[in-house]
Structures are given as C-alpha cells and as structure tokens.
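To keep things clear, I will list the structure first and then write my remarks on it.
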Amino acid sequence: MSSLPERLVLVGPMGAGKSTIGRLLARELGYDFVDTDRLIEERCGANIPWIFDVEGEAGFRARETAMLEEMAGRSRLVLATGGGAVLNPDNRPLMRQGAWVIYLKTSVDQQYARTRRDRNRPLLQKDNPRAILETLFRERDPVYDEVSDMTVLTDHRSPRSVVRELRDAL
Ligand code: S3P
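When we follow the numbering used here, the leftmost residue of the sequence shown carries the number 29, and every step to the right adds one.
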C-alpha cells in the first residue's frame, strides 16, 4: 500500500488476539491504540460483565456503537473492536470509513484455548463455552469476511509474527 490508512480496524472473534496485536501494531506504526471494550469499561466505570448484568447485552451494544461513532473521527489510530461489533449493520460503515479493516481469523480450538480461563466475557460464562464459540463463529465468520479488506490467520503464531505480516502488507 503506498500510503498508510488513517485508521486500522481489527475485527475477529474473542481470542483472536485483537488487543495484543493491535497494541503492538500501533507501537510499530506510531499510531494511537484504542480497544473499544476497555474504553467502554473506562467510561462506564464498570467491567463488561457488570454492564451485561445491569444493562443487558442491548445496553452494551449501544455503548459499543457510540464508541465506534466516536472513533470514526480519529486519525492515526489502530482500533481493536469487540468480537460482536460487526453484528449491527449500522456499525459496519463506521468501522470501514477511511479505514483498512483487518480480520484476525482464528480457529475455534485456539479461541477456546485463549479464552477458557477468562471471566470477563459474559457470553462465555455458560455451560459449554466451546459450543458457544462454534455457533458464534459460524454466524460471524461470513460477516468478518464481508466487512474486512484483508484476512490474517493468527493460529499458533506469535503476535509479533502477525504484526510483521501486517506491516509488510501495509
Ligand atoms: C463479545 C466480545 C468481547 C466483548 C463482549 C462481547 C462478542 O470482546 O466485546 O464480551 O460478542 O463476541 P473481545 O472480542 O475483545 O473478547
């Protein structure tokens, strides 16, 4: 790519490595880094499980859309989005506007291995988190594909090697 896009937006499932890779990529490019989930928690003064409990998933999704609206105006930014941010069709143009959207694609096995001890993801705090990840992946993989400009596989790779591949592609 001849000139860097103003914003790089990372999409993909829980456990794809969006936050780790996004932070490294931003450092590499000298861009700011924002993780929408962390910003929502900061603004709300509460963690995601609390938001889901008190406001429901709908409340969380409304906050997520508000964050994407705010971030659509920023430049020199790497943005890590939550795994479900692509679900609302209104969010997709906000993510794509002036940006290069990167899908960090990861197998369900790896998603599970990377999230199984995590307690901050309310959608997975149920009996069979692996089956949930499978269902979500089946539903969302085509949407990640559609919304993104580029796909990078993150299975069994270090974040640094993914960042190197992205850096070379940009
Ligand atoms: C969600 C993914 C989470 C977070 C919320 C819902 C989802 O983000 O936004 O728990 O619907 O897949 P990560 O993908 O960063 O884990």
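Glycine is no exception: its CB is placed at the ideal position from the N, C-alpha and C atoms. As the structure is a prediction and not an experimental result, all values here were calculated from the model.
> Between phenylalanine 61 and the ligand S3P, is the CB less than 8 Å from at least one heavy atom?
Replying inline: Checking the Cβ of phenylalanine 61 against the ligand S3P gives no.
>> Would the region 103 to 110 count as touching the region 57 to 64 if we require 3 or more Cβ pairs under 8 Å?
In response: Cβ pair count under 8 Å is three or more, so yes.
> Under three-state DSSP, which class holds phenylalanine 172?
Replying inline: In the sequence as displayed, the identity of residue 172 is tyrosine instead of phenylalanine. Correct three-state label for tyrosine 172: helix.
> If we count the other Cβ atoms within 10 Å of its Cβ and call it buried at 16 or more, is glycine 126 buried or exposed?
Replying inline: Of the residues assessed, glycine 126 falls on the exposed side of the cut-off, its CB having fewer than 16 other CB atoms within 10 angstroms.
>> Among Pro41, Val37, Asp118, whose alpha-carbon lies nearest the alpha-carbon of arginine 166?
In response: Among Pro41, Val37, Asp118, the Cα nearest to that of arginine 166 belongs to Pro41.
> Should proline 170 be listed as close to the ligand S3P, given that the test is whether its C-beta is under 8 Å from any heavy atom?
Replying inline: Result no, Cβ not under 8 Å from the ligand S3P.
>> Please determine whether the Cβ atom of serine 176 lies at a distance below 8 Å from any heavy atom of the ligand S3P.
In response: No, the beta carbon of serine 176 sits no closer than 8 Å to any heavy atom of the ligand S3P.
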